[in-house]
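I have placed the structure first, in the form of C-alpha cells, so that the comments after it can refer back to it.
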Amino acid sequence: MATGAERSLLERRLIIVTGKGGTGKTTVAAALGLAAAERGRRVLLVEVGPHEHLARLFAPDAPPVGYGGRELRPGLTAMRIDPFEAMAEYLSLQVGARSLVDLGLRNQAFRQMLQGAPGWRELITLGKIWHLEQMKRPNGSPLYDLIVVDAPATGHGVTFLDVPRVVHSAVHAGPLGRNAGLVEELVRDPDRTLLLPVTLAEELPAQESGELVARVREELEIAVDRIVINAVAKRPFPTELEGLDRRLAALPAELSLQRLPTPAVMAECASYLASRYALNRTYLGVIAKRTALPVVCLPFLAGGLQRPGALRQLSQALFEPPSNRHAAEDVPETERVQ
Amino acid sequence: MNVATEPEVLLHGARIVVCVGTGGVGKTTVAASIALEAARRGARALVLTIDPARRLADALGVAELDDEPRELPEAMKVKAGIAEGGRLFAMMLDMKRTFDGLVTRFADSPETRSRILANPIYQHVSDALAGSAEYAAMEKVFEMMENEHFDLIVLDTPPSQHALDFLDAPQRLLEFLDSRLVKLLVHPAFSAGRFGFRLFQGTTHRVLKLLERISGITFLEDVSEFLLAFEGMSEGFRQRARRVQSMLLGSDARFILVAAPSPEAARDAGDFLEHLERSQVPLAGVVVNRVRLWPNGEPARSGLEQYTRDDAFDADFERLARALERGENAGDGEAAARAAIEVVREYDSLVRLDRQSTTALRKHSRRSGLFFRCIPEFPRDVHDLAGLSQIAVHLFAADEPESNTSDTVNDVERR
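In C-alpha cells, the structure reads:
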C-alpha cells in the first residue's frame, strides 16, 4: 500500500528536481523515476543542458537518448531537451509549416539573434515540458503520468523557473505571452507540480537551500513539500564506544601492526568520520529549521553508484516517510551497499 | 622546475586568474585562497565573486560584501600572514547595478538613459533572466582591470553547465547587436514605431513576420525600442567587449578548472575540461577540492581491501585489542578493535571512491601538460582565513614525484 509520502510524490504530474552541482540531483531524479515506474507509472525523465548523464546511471555504456528519447526500463523513458530542437518544434506548431520554420532557423540573422538573446532557452525548455505534460494517448489518458525534470544546476538556483512569469508579464498580447502564461500556470499549480530540492548536510549547501526555499515560497510560488538530503553519513561507531578516536590516539606509537595503519592514522580516520557524522547531524537540523520542511535522508553509498542496486536503494529511501523529527537522535540508517 | 606546469604559474606573469567549474565545488574558496596567497607574497589582490550566495563573505569571515572592493581589515591581515605591501580585497557582483552602470556610462543622452532604464525588456533582461550574469560579470572584470590598482584579480565565475557561457558572453552580445535582424529592428523605419515589413524582402522578411506573429506586436515594439536605445551606446559596449575578450585570452590570463571528487561532480568536470581544451582559453591547471586522502601519505601498503582473516591480521587484531584494554578510558578492547577496523575500512572506501572518480581528470591533466592538485578534505568546512591559507598551502605545494603518484593521488599531508 502506498504511504502518504509516496502518494504525494506519485500523484504529481511534474516534479522538478533542483540543487547545486555535486549534490547528486541527477541521481535523485533517476531514483525517483525508477521508483515511480516500478509502481506502475508511465514516467518521463527529462534532462536539460548540453550533456547527458541520466541514461548512463542505468547502464554505464548506454548511448545518448537525445531529443527523441528512449525507454530505459519498462515504463521509464528518458530524453534530453535541446533548446534549438524545441524551438523548431514550437515554431512548426505555431506556423503549421515546418519548411518555413527550417528556413527561419537556417537564417543566419535569426540564429545569431537566438545565440545572444537571453531567456528563450529556459522558456522554450519549460514550454516543451508543458507540451509533454499535455500529451495524451488515444484513450485520452496522459501519455506520461509523471515527468521528472533534472533541472539545470545553475548558481541562480531556480531563476529559470521564473522565466515564464517574467515573459508573461512583459509580453501582454500574442501567442508568446499566452504560451508563457500556460507554462507559468503549470509550474505554479500545486496539484500538478512539485519542486524537489536536493542538498547536502554541510554548511554552505545548508545555507543555500534555506535561501532557495525562501525564494521558491516568496517569489516563485511553486509547491515544495520536502527537501532531500543526499549522502548522509551513517554513525561511524556505536555510541558506547564514543571517544574511540581519543583512545586510539592514546595508544603507543610503537605498537607494531603489520596490516593495519598506525594508531595515529587510525585515530585520525576515526576522528574524521566522527566529525563528518556530527556535522551531518548538525546541518540536518539546520536545514530542517531554515527550510521548515520535512527532510528525506538518502544514505551515503560508500560503494559508489555503479554498484548494482545502488539506484534502487536510493529509490526506496526516497519513499520513506519524510521526517519532521530532525532533532531526533537518528534518521533511519539504511545499510550501505556492500 | 618548469613553472608552466606548476601552480606557481598563477602568480607569475598573471594579472587575471579565472576559476571555472560547475556549481558547488568550492570555486569561490579556491579563488579566495589564490588571492590570499598573492597578497601574502606582497601583491594587491582582488577576489571577485559572482555567486549570489554570499559565500565569499562567509569564507573571509566578514559580514557583508558588495559591489565595491572591500579590503580585509588590518587586524585580520596580520592573522592571515599578509606581507608588507600586500593587500587583499574582495567584492561581489551586483548584476543589476553593474548593468545600470553600463547604461549610464554609454548612453548618448540622458533621454536615452532613462528610456533604456524604463524599458520593460531592459528591466527583465538585466534583472531576472538567467544568462545576464555573464554579461554583467564581464563588465565588472573590465572595470576592475582598467582600474589598474590591482596586481592580480582572481575571478570566481558563475557556475555553468554551458562551460564557456562566461567567456562567450561578450561575443554573443556583439553578435546579437550586429545581427541583421536586430539591425532591422532598430532601422529608422521602425523608429517611428511602424513596422514597415514590406520594405524587406526574402527570408528575413518572413522571419520577422514569424516573430511578429508569435510574439505579439507590443513585445516587438518594446524590443525594438530597447535595441534602438541600445544602439546609441553599442559602439562603446562593442569596443569594451572586444577588449574584455582579448584580456581573457591574453598572455597574462590563467584559467583553472575547479572540481569536486564526487562521482557526479568529477564527471561534470571531465565534460568541462574537454570543452575548455577545444576553446582558446589559456588553461593552466585542474584543482580537485575536498579529496579524502590517507593521512601522512599512509599508503594502502598491504592492500587495505584485503583485510581478510589471515594470521597477520589476527595478530594485529589481538595486539590492538589488548592495547585498547590498557589505554585511557579502557573498556572492552575487542569491541573497540572491531570498531577501529571498521573505521579504517570505511575511510579506505572513501579514499578509494575519491581516487576512482578523480583518476580520469588526473590522467587527462597530465597528458595535456596542466598542473593537477588535490586539496584534501578538512575535518571542518572552510569558513575562515585559516582555512583559506591551508588550502593555499596545498594548492601551491610542490607536486609529489611521479613514483609516489602512480597509484595514489598526490599525497599531500592532511593536517
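Note that the protein sequences, when read in sequence, are chains A and B. Counting along the first sequence from 1, when you hit position 227 you're at 238 in my numbering, and nothing is skipped either side. Counting along the second sequence from 1, when you hit position 409 you're at 396 in my numbering, and nothing is skipped either side. All C-beta atoms in this analysis are idealised placements derived from N, C-alpha and C, irrespective of residue type, glycine included.
query: What's the C-alpha gap between A:Gln369 and A:Asn241?; result: One cannot answer for residue 369 of chain A here, as it falls past the ends of chain A, which runs 12 to 349.
query: How far does the alpha helix (DSSP H) with A:Ile298 in it extend, from its first residue to its last?; result: 274 to 302
query: Looking at A:Glu58 and A:Ala89, is the spacing between their C-beta atoms short of 8 angstroms?; result: yes
query: Does the separation of the CB atoms of B:Gly0 and B:Ala30 fall below 8 angstroms?; result: no
query: Within the 8 angstroms Cβ cut-off, does A:Pro272 reach chain B?; result: yes
query: If you measure from the beta carbon of B:Ser266 to each beta carbon in chain A, is any gap under 8 angstroms?; result: no
query: Return helix, strand or coil for A:Thr136, following the three-state DSSP convention.; result: helix
query: 8 angstroms is my cut-off, CB to CB: does B:Glu329 come that close to chain A?; result: yes
query: Where do the ends of the alpha helix (DSSP H) carrying B:Met63 lie?; result: 61 to 66
query: Any C-beta of chain B sitting closer than 8 angstroms to the C-beta of A:Thr29?; result: no
query: Do the CB positions of A:Pro175 and A:Val198 come within less than 8 angstroms of each other?; result: yes
query: List in chain order: all unbroken beta strand (DSSP E) runs of 3+ residues lying wholly within the segment 147 to 193 of chain A.; result: 157 to 161
query: Should B:Glu364 be labelled buried (16 or more other beta-carbon atoms within 10 Å of its own) or exposed?; result: buried
query: Whose CA, out of A:Gly86, A:Leu322, A:Leu143, A:Met277, lies closest to the CA of B:Leu280?; result: A:Met277
query: Note down, in chain order, every chain B residue with its Cβ under 9 angstroms from the Cβ of A:Leu56.; result: By Cβ distance, chain B contributes nothing, its closest Cβ being about 16 angstroms from A:Leu56, past 9 angstroms.
query: So within the segment 203 to 265 of chain A, which uninterrupted beta strand (DSSP E) runs reach at least 3 residues, ignoring any that extend past its ends?; result: 204 to 211, 238 to 243
query: Mind checking A:Lys147: buried by the 16 CB within 10 Å criterion, or exposed?; result: exposed
query: Among the candidates B:Leu235, B:Arg309, B:Ala253, B:Val128, whose CA atom is the shortest distance from the CA of A:Pro263?; result: B:Arg309
query: So what does DSSP say about B:Val90, is it helix, strand or coil?; result: helix
query: Please report the straight-line C-alpha distance between A:Tyr78 and A:Leu104, rounded to a whole angstrom.; result: 17 angstroms
query: Check this for me: beta carbons of B:Ala271 and B:Thr345, under 8 angstroms apart or not?; result: no
query: Distance, Cα to Cα, A:Leu172 vs A:Glu133?; result: 8 angstroms
query: Pairs of beta-carbons, one from the segment 380 to 387 of chain B and one from the segment -7 to 7 of chain B, closer than 8 angstroms: are there three or more?; result: yes
query: Whose Cβ in chain B lies nearer than 9 angstroms to the Cβ of A:Thr250?; result: The contacting residues do not exist; A:Thr250 stays about 11 angstroms from chain B at best.
query: Can you confirm whether the segment 93 to 102 of chain B touches the segment 54 to 63 of chain B when touching is taken to mean that 3 or more C-beta pairs between the two stretches lie within less than 8 angstroms?; result: no
query: Chain B partners of A:Arg292, CB-CB under 8 angstroms?; result: The contacting residues do not exist; A:Arg292 stays about 14 angstroms from chain B at best.
query: DSSP three-state call for B:Phe76: helix, strand or coil?; result: strand
query: Counting only Cβ pairs nearer than 7 angstroms, list the residues of chain A close to B:Glu333.; result: Pro247, Leu284, Ala313
query: Could you give the residue range of the alpha helix (DSSP H) that holds A:Val54?; result: Here A:Val54 belongs to no alpha helix (DSSP H); instead the beta strand (DSSP E) covers 54 to 59.
query: Could you work out which residues of chain B lie near A:Thr88, taking near to mean beta carbons separated by less than 8 angstroms?; result: Within chain B, no residue comes near A:Thr88; the closest Cβ sits about 22 angstroms away, beyond 8 angstroms.
query: Determine the burial state of A:Ala303: buried for a count of at least 16 other Cβ atoms within 10 Å of its Cβ, exposed for fewer.; result: exposed
query: Would you report the Cα separation of A:Leu68 and B:Asp319, rounded to the nearest angstrom?; result: 44 angstroms
query: With 8 angstroms set as the bound, which would you pick, yes or no: does the beta-carbon of B:Thr424 sit closer than that to a beta-carbon of chain A?; result: Only positions -12 to 402 of chain B appear in this structure, which leaves residue 424 of chain B out of reach.
query: Since B:Ala379 contacts B:Val12 with CB under 8 angstroms, what's their CB separation in whole angstroms?; result: The pair is not a contact, with the Cβ atoms about 17 angstroms apart (cut-off 8 angstroms).
query: Between A:Gly86 and A:Val54, is the Cβ-Cβ spacing less than 8 angstroms?; result: yes
query: Quick one, which of A:Leu312, A:Ser282, A:Leu231 has its alpha-carbon nearest A:Val169's?; result: A:Leu231
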